[in-house]
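Everything on this sheet refers to the single structure shown next.
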Amino acid sequence: MTASMVTPMRPRSASRSALFFVTIVMPFSAGYALSYVFRTINALLADELGTELRLSPAELGFLTSTYFLAMALVQLPLGVMLDRYGPRRVQSGCLLVAALGACLFAVASSLPQLMIGRALIGIGFATAFMAGLKAIVIWLPQKRVAIANGLLLTLGALGAVAATFPAQVSIDTLGWRGLLLGLAWLTGLTAMIIFVVVPERAPALRSSRDPQPATLAAIFSDPRFWRLAPMSATSIGTAWALQALWAAPWLSDVEQFDRPVVVQHLTTMAIALCVGGVAFGSMVEAGRKHGIAAETLFGSAVLAFMAAQLTVILRLPVPAVVPWTAIAMAGAATVLCTTAISRPYPSEASGRANAAISVLQLGYAFAVQCFIGMAIDYWPSEHGRHPVEAYQAAFAANLLVQVLAFAWFIAPAIRGHLFTRGLASRRLPRTFSANAPRNDMNPYLAAQRAWRERVINAETQLQSWRLAALTSMTVCVVLASLVVPK
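Whatever position you read off the sequence shown (first residue = 1), add 7 for our numbering.
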């Protein structure tokens, strides 16, 4: 009997939980771990690629960002395919494309060849995270989805750990081309394991709580989506871009660390990313018990992320590993973001919802990697290093965009105008929907409507004041740090 013939069951006992872990979480985590290896490996290959193929920072940034661009271009169609055909078949097929791209990258001798190979790698891993999320949504009840997503991200982020010291040892032993060929073989093997081991798609375990149709058009026109989308794209995209490429050049050129110390910092960042997956998943569970929405938790994480970037840019008197660890951990905030984004939609449309937000995150990651490389190239290099001011200017310009996106998220007037109707339709019975015909002649219904609007406004103000308090506290800490003598 093949694994695809296994009858779908809810994991209610320890044995069923173990079966779910072995047949669902582990295979998709393996694919996601490989995606992290390929995403961040250029941070280690930067010196080799720059020396052997004579790539400038702008060319290196564009080459690395090709991974994100290719992923972004195919997110939406692959998200629809996940909903239609299930994660097992889609993910195994995509990984074969990634294996082909890794082979082409390994034998490439020019920038265009490297770009084609990396683009195929990006296409192949476009569903690496979405497929795992989709499998979790259709196999687990809603209350266990967030912690399972955190576990998936934590296990997958082990690939970022593998792309540091272990990858450096492999490069020293096999060369960067030999490492890429080995990764291509592992990717093909993972595709086969997913196709054989993962059960066929199970029926959804929860029904829709939102009356609107869950098409891509409906998701992109939903005000609740656009409340989070700008902040999610700019913060998560930046975290991915920095860890995947620009952390290593900053540590080398600005902090002037030697190669072993840079690798140590990258390893610490990768471990922080792993820890962040479980930590953020647990935060969602704790927040649900205390009435704190995932959106608020996500906003708090973004605020801490921006504070860490400001610490790096200003070069405040703290060890470099501290802010860079916080930056890396912010990449795991996708657990908070996907929970907030996908919860209003039915499980049958979870692939579309995750694809909709992923395409924006990946697109911004592509733009940031390219922009930082081009901005740094405006300053002439000295002895193979670009000046500190070049990195500071590029990072600061990107941080400004994130601040604007965060302001859009917390502005009470904007939120009250755009999102009251969506919040009302989600939390209140249809009888009292904001779209129901008005009946001002009935005092009872008028009182119901007035009460509803006051409750919604109070909740909106509460969330805004929480984030405002965190913002104020962060500003005070940063200002206090500025007066500390170096």
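Every residue, glycine too, gets a C-beta built ideally from N, C-alpha and C. What you are looking at is a predicted structure, and each value in this text was computed from that prediction instead of being measured.
In three-state terms, what does DSSP make of residue i?
{"i": "L392", "result": "According to the sequence as given, residue 392 is Arg; it is not Leu. Strand."}
{"i": "E179", "result": "Checking the sequence, you will find Asp at residue 179 rather than Glu. Three-state result, D179: helix."}
{"i": "D384", "result": "helix"}
{"i": "D265", "result": "coil"}
{"i": "S242", "result": "helix"}
{"i": "L160", "result": "helix"}
{"i": "V32", "result": "helix"}
{"i": "H297", "result": "coil"}
{"i": "G93", "result": "coil"}
{"i": "Y352", "result": "coil"}
{"i": "I421", "result": "A caution first: I421 carries a pLDDT of 48, below 50, which makes its placement in the model too unreliable to give a value."}
{"i": "N49", "result": "helix"}
{"i": "R61", "result": "coil"}
{"i": "R17", "result": "In this prediction, R17 has a pLDDT of 46, which is less than 50 and means its spatial position is unreliable; what the coordinates show is noted afterwards. Here R17 sits in coil by DSSP."}
{"i": "F27", "result": "helix"}
{"i": "T341", "result": "helix"}
{"i": "A254", "result": "helix"}
{"i": "V325", "result": "coil"}
{"i": "L171", "result": "It is Thr, not Leu, that sits at residue 171 in the sequence shown. Of the three classes helix, strand and coil, the one that applies to T171 here is coil, per DSSP."}
{"i": "A277", "result": "helix"}
{"i": "T347", "result": "The sequence as given places Ala at residue 347; Thr does not occur at that position. Helix."}
{"i": "A115", "result": "coil"}
With distances taken Cα to Cα, identify the nearest neighbour of residue i among the options.
{"i": "G370", "options": "I48, A53 and T73", "result": "T73"}
{"i": "V375", "options": "V32, R350, A248 and V285", "result": "A248"}
{"i": "S307", "options": "S239, G182, I200 and D54", "result": "S239"}
{"i": "D229", "options": "V29, P387, I364 and A397", "result": "I364"}
{"i": "A224", "options": "R96, I417, E66 and P84", "result": "P84"}
{"i": "A142", "options": "T30, W192, A198 and L317", "result": "T30"}
{"i": "V329", "options": "M33, L317 and L196", "result": "L317"}
{"i": "L127", "options": "G100, T197 and G139", "result": "G100"}
{"i": "T341", "options": "A360, I243 and G129", "result": "I243"}
{"i": "R61", "options": "R392, G157, L118 and F378", "result": "L118"}
{"i": "N49", "options": "W192, I178 and L323", "result": "I178"}
{"i": "A315", "options": "T245, T180 and I383", "result": "T245"}
{"i": "M122", "options": "A412, P148, A77 and M88", "result": "A77"}
{"i": "G338", "options": "L80, A277 and L187", "result": "A277"}
{"i": "V114", "options": "L343, Q82, L186 and A53", "result": "L186"}
{"i": "R266", "options": "V32, F35 and L51", "result": "L51"}
{"i": "P324", "options": "G298, A397, M313 and E262", "result": "E262"}
{"i": "V32", "options": "I201, V270, T194 and Q399", "result": "I201"}
{"i": "V309", "options": "P394, A414, A403 and I348", "result": "A414"}
{"i": "P206", "options": "N361, M381 and G93", "result": "G93"}
{"i": "T274", "options": "T47, P34 and F35", "result": "T47"}
{"i": "A286", "options": "L158, I130 and T58", "result": "L158"}
{"i": "I417", "options": "P237, R95, L193 and R350", "result": "P237"}
Could you spell out the range, first to last residue, of the alpha helix (DSSP H) harbouring residue i?
{"i": "I145", "result": "A135 to W146"}
{"i": "E207", "result": "It is not in any alpha helix (DSSP H) - E207 carries neither H nor E in the DSSP assignment."}
{"i": "I123", "result": "L118 to G131"}
{"i": "V328", "result": "V328 to A337"}
{"i": "A225", "result": "L223 to F227"}
| said: With three or more C-beta pairs closer than 8 angstroms as the rule, is the region 398 to 411 touching the region 102 to 112? | reply: Below 8 angstroms, too few C-beta pairs join the region 102 to 112 and the region 398 to 411 to call them touching: fewer than three.
| query | Within the chosen definition, does the region 30 to 45 reach the region 120 to 139 through at least 3 CB pairs nearer than 8 angstroms? | reply | With the rule of 3 Cβ pairs closer than 8 angstroms, the region 30 to 45 counts as touching the region 120 to 139.
| Inter-stretch contact (C-beta, 8 angstroms, three-pair minimum) for the region 246 to 256 and the region 333 to 349 | With three or more CB-CB distances shorter than 8 angstroms, the region 246 to 256 counts as touching the region 333 to 349.
| Quick check: the region 170 to 182 against the region 68 to 88, are there 3 or more CB pairs under 8 angstroms? | No: the two stretches stay apart, fewer than three of their Cβ pairs being nearer than 8 angstroms.
| Contact between the region 288 to 298 and the region 146 to 156: three or more CB pairs below 8 angstroms? | Yes, they touch.
| said: With three or more C-beta pairs closer than 8 angstroms as the rule, is the region 274 to 286 touching the region 157 to 166? | reply: Output reads yes: the region 274 to 286 touches the region 157 to 166.
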